[in-house]
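What follows is one structure encoded as structure tokens, with my remarks underneath.
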Amino acid sequence: MPDMPKTMLAAILAEQCKPLIIDEVALPDKLSYGQVLVRLSYTSICGSQLGEIDGVKGDDPYLPHLLGHEGSGEVLEIGGGVKTVKPGDHVVLHWMPGGAYQ
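So the working numbering is basically just the index in the sequence shown, starting at one, shifted up by 5.
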């Protein structure tokens with residue numbers, strides 16, 4: 006099992022219509038139920054998130070938040086209740102909730 010990272014580099018939307026903040030964010034010491042820790046190989050910001058940055062749908066009540074919900078990588082660790090992936094699996098990430106196809 007690889008050493009678990011304590012932080013990750015993230016694109017943070019702190020204020021609409023302003024540049025993103027690129028900074029280290031802390032990862033949880035323990036995963037919650039249903040969570041999966043993935044070492045990202047690739048990630049991107051989608052068109053909807055570009056709209057969030059620009060404020061095209063109005064004020065975002067959830068600021069600040071991280072961007073880049075689409076990507077791919079390798080599962081490092083799983084939280085309780087996770088049954089469809091295991092450490093070592095290569096996965097593709099998307100914004101859609103995991104239970105949508107079960």
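Just so it is clear, CB atoms sit at the ideal spot from N, CA and C, and this is done for glycine as well.
If the five residues before and after D59 are omitted, its C-beta is found closer than 8 Å to the C-beta atoms of Q21, C22, all from its own chain and listed in chain order. V30 sits exposed, since fewer than 16 C-beta atoms from the chains shown fall within 10 Å of its C-beta.
The alpha carbon of V97 has as its nearest neighbour, out of G84, L68, S53, S49, the alpha carbon of S49. For the pair D34 and G52, the Cα-to-Cα distance works out to about 32 Å. Between the alpha carbons of L42 and I26 lies a gap of roughly 22 Å.
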